[in-house]
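Numbering (this note's numbering), first residue to last: 25 to 363. Cβ coordinates follow ideal geometry from the N, Cα and C atoms, glycine included. The structure appears right after this line, and notes come after that.
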């Protein structure tokens with residue numbers, strides 16, 4: 025309804041949910057990752073599905089002198105739970121194996137054979153690393169007083185951090201960790217690569233070269249595929265929220281830098297405000313801001329400062345822009361911060 029009342033109303037996707045969609049994209053688009061989360065969910069059902077099985081898992085951890093962890097359900101909307109669930113499975117992997125062996129029933133043995141594999145461990149390590157990095161951004165995006173500009177800065181920082189994962193040396197590090205976990209738990213799992221044939225009418229042969237090893241397969245089709253997908257998803261989805269008008273409003277109020285004449289004209293034209301008034305008011309406002317030695321440059325602090333100086337009366341054009349800025353949310357998931 026709002027967009028019909030005001031043709032200049034701007035729709036901003038909730039940044040917290042945008043990040044969640046990026047993670048869901050990876051979890052559904054990359055088949056091994058999708059399968060791994062299915063296994064983790066099934067593992068949760070086996071261990072936490074009854075008080076007796078939960079008690080067995082808890083006892084195994086206590087006997088090992090460890091603080092008992094509780095597995096959490098894998099959920100598409102409660103993204104923090106996924107990170108915590110992966111953390112439990114990875115850091116209590118040996119104890120989970122012992123608990124499944126202790127259960128000695130059909131479901132426990134099937135799950136034991138499923139997770140006691142190199143494939144499961146490798147993809148578990150990848151997703152734990154990605155969720156650990158993105159979980160920091162997720163928590164930041166759920167604060168109620170952040171600006172769109174600062175949110176996008178942290179998004180770019182997250183993408184740059186994920187980019188550091190896409191190297192041969194990082195892959196070797198993950199591969200070494202996988203082998204170490206396998207050796208520590210007596211896992212000797214050699215999986216043959218399933219080679220797809222090229223039809224004879226197209227020349228015959230195989231899609232995968234003969235010298236393509238198991239390690240090469242994990243590097244190309246899993247590791248690089250996952251890192252590429254998550255970086256592309258975050259860059260594309262958050263680019264939709266990079267609204268120039270909002271960024272200009274935040275630059276006007278939340279920085280000490282002066283807007284250029286073109287930027288002021290773009291802002292005043294969009295909201296049908298007086299260009300000359302806005303240009304003059306900006307000079308007075310920026311002078312007052314620069315006189316403050318220590319001041320938080322967030323919208324709540326700026327608004328308090330604005331009212332204390334009676335700028336809502338003295339600077340009517342900027343007051344109108346500040347009111348507009350308050351109506352543009354960075355997120356709508358504040359109620360989900362406890363998840």
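Starting from residue i and walking both ways along the alpha helix (DSSP H), at which residues does that stretch end?
i, result
"residue 325", "323 to 332"
"residue 206", "192 to 208"
"residue 251", "249 to 263"
"residue 310", "299 to 314"
"residue 337", "335 to 338"
"residue 72", "55 to 72"
"residue 180", "172 to 187"
"residue 242", "238 to 242"
"residue 368", "Nothing about residue 368 can be read from this structure; the chain reaches only from 25 to 363."
Taking 7 Å as the cut-off, decide whether the C-beta atoms of residue i and residue j are in contact.
i, j, result
"residue 91", "residue 109", "no"
"residue 326", "residue 277", "yes"
"residue 84", "residue 122", "yes"
"residue 302", "residue 349", "no"
"residue 211", "residue 140", "yes"
"residue 114", "residue 67", "no"
"residue 275", "residue 314", "no"
"residue 205", "residue 46", "no"
"residue 135", "residue 70", "yes"
"residue 308", "residue 341", "no"
"residue 270", "residue 352", "yes"
"residue 138", "residue 63", "yes"
"residue 305", "residue 346", "no"
"residue 189", "residue 251", "yes"
"residue 165", "residue 40", "yes"
"residue 195", "residue 243", "yes"
"residue 253", "residue 282", "no"
"residue 14", "residue 118", "Past the edges of the chain, shown from 25 to 363, lies residue 14, and the structure says nothing about it."
With a threshold of 7 Å on Cβ separation, who are the neighbours of residue i within its own chain once the five nearest residues in sequence on each side are excluded?
i, result
"residue 51", "57, 58 and 61"
"residue 23", "The chain is shown from 25 up to 363; residue 23 falls before or after that span and cannot be answered."
"residue 124", "132, 135 and 136"
Tell me which same chain residues have a C-beta within less than 8 Å of the C-beta of residue i, skipping the five on either side of it?
i, result
"residue 99", "105 and 106"
"residue 202", "142, 145, 146 and 149"
"residue 86", "92"
Skipping 5 residues on each side, what residues in its chain have a beta carbon closer than 6 Å to that of residue i?
i, result
"residue 182", "161"
"residue 185", "157"
"residue 359", "Annotation note: pLDDT 43 at residue 359 (below 50); position unreliable, no value reported."
"residue 249", "54"
"residue 299", "289 and 292"
"residue 72", "78 and 95"
"residue 81", "71 and 123"
"residue 65", "98"
"residue 4", "Past the boundaries of the shown model lies residue 4; the chain is included only from 25 to 363, so the question cannot be answered."
Inside the segment 82 to 148 only - alpha helix (DSSP H) runs reaching at least 4 residues: 103 to 115, 117 to 127 and 130 to 139
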